[in-house]
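Some notes on the structure that comes next.
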Amino acid sequence: MRRIRPETRWAYVFLLPWLIGLLVFQLGPMVASLVLSFTDFDLIGDPEFVGLGNYARMAQDPKVLRAVGNTVYYTALHVPLSIALALALALMLNRITGRAAGVFRTIFYLPSMTPYVAVGVLFLFLLNGQAGMVNQFLGLFGIEGPQWTTDPDWILPGIVLMSLWNLGSTTIILFAALRNVPRELTEAAMIDGAGRWQRFRSITLPMISSAVFFVVIINTISALQMFDQVYAMFFGNQVAQQSHGDAALFYVAYLFQQAFQFLHMGYASALAWVLFLVILVITLIQVKVGNRLVYYEAEEHAG
């Protein structure tokens, strides 16, 4: 320890609270849940070791299959739609100059500051089949809006629509990437006669591909863990829960039910670890594929 520089020692001192929090509030509970996933534990009696019984039970649980299907459906729609819309907003922001630029950036980011539970309650009213503003807006064009919150065929599309409210973080990340695109490349392409779409496809998109790759991973992880808004909208009371059946049952919502409604802590821990492994595998695949498609400027200069 005497050989460690004073600056390094102080760095360890300032990192110590974070390290303690990591061990106590993250790594510790993760290890505990891994142990509990091999037990039958209801918070009342002592844990009873069941081996792989909880994992075998998942394979036979029809609600798990339904929850997985709903989550995959939502992720497959939410991720590409959210990134496409966020990129469109970022391109709009990139064209705004002067004082208005800061104002519009703030406006686009503000929805990200809204608590997820509040967003769920808000869209429960907006998507109301009889008096919701979404259906009233569609009615202006002679379109009869569906029953977003009660029709099983429209519940998931309604949840995807709700999720597009929160695009602020993705928009700001993509906007920052667009600001770093070298202007001289775009100007050179314009001199060569390249159109707007050609410039976007051949210059802008490759230059921001690392940011796009990042938001794809982050949005995928977030979508697979969808919970707050859905639980606030459809699981807040027993009547609402019975009205939609399992149409709004997401994987994390089912995990929450097993843990805190039915007190099946062992089974819920097994569900959590399967989700963790699935997210890990998907992320590794995305990284493997993304490294072949993403342009890194530092690597170009090194080559």
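So in numbering that gives the first Met the number 0, the last one in the sequence shown is 302, and the numbering has no gaps at all. Where is the CB? At the ideal position from N, CA and C, for every residue including glycine.
query	result
Own chain, CB closer than 8 Å to Gly50, minus 5 neighbours either side, in chain order	Phe37
Cβ-Cβ distance between Val214 and Ile82 below 8 Å	yes
Run of the alpha helix (DSSP H) containing Glu183, from where it starts to where it stops	182-190
Phe48 in three-state terms, based on DSSP	strand
CA-to-CA distance, Ala258 to Ala271, given in whole angstroms	10 Å
Whole-Å CB distance - Ile220 paired with Val180, under 8 Å assumed	That pair is no contact at about 26 Å.
N- and C-terminal bounds of the alpha helix (DSSP H) containing Asp227	227-233
Any 3 or more C-beta pairs closer than 8 Å across the segment 164-176 and the segment 104-114	yes
Beta-carbon spacing of Thr7, Ala222 below 8 Å	no
Span of the alpha helix (DSSP H) around Pro145	No alpha helix (DSSP H) contains Pro145, which DSSP labels as neither H nor E.
Per-residue burial, Tyr11 [other beta carbons within 10 Å of its own, 16 or more giving buried]	exposed
Presumed contact (8 Å Cβ cut-off) between Leu35 and Ser268, rounded CB distance	4 Å
Where the alpha helix (DSSP H) containing Pro61 begins and where it ends	61-94
Residue from Leu177, Val251, Gln260, Asp245 with nearest C-alpha to Leu88	Leu177
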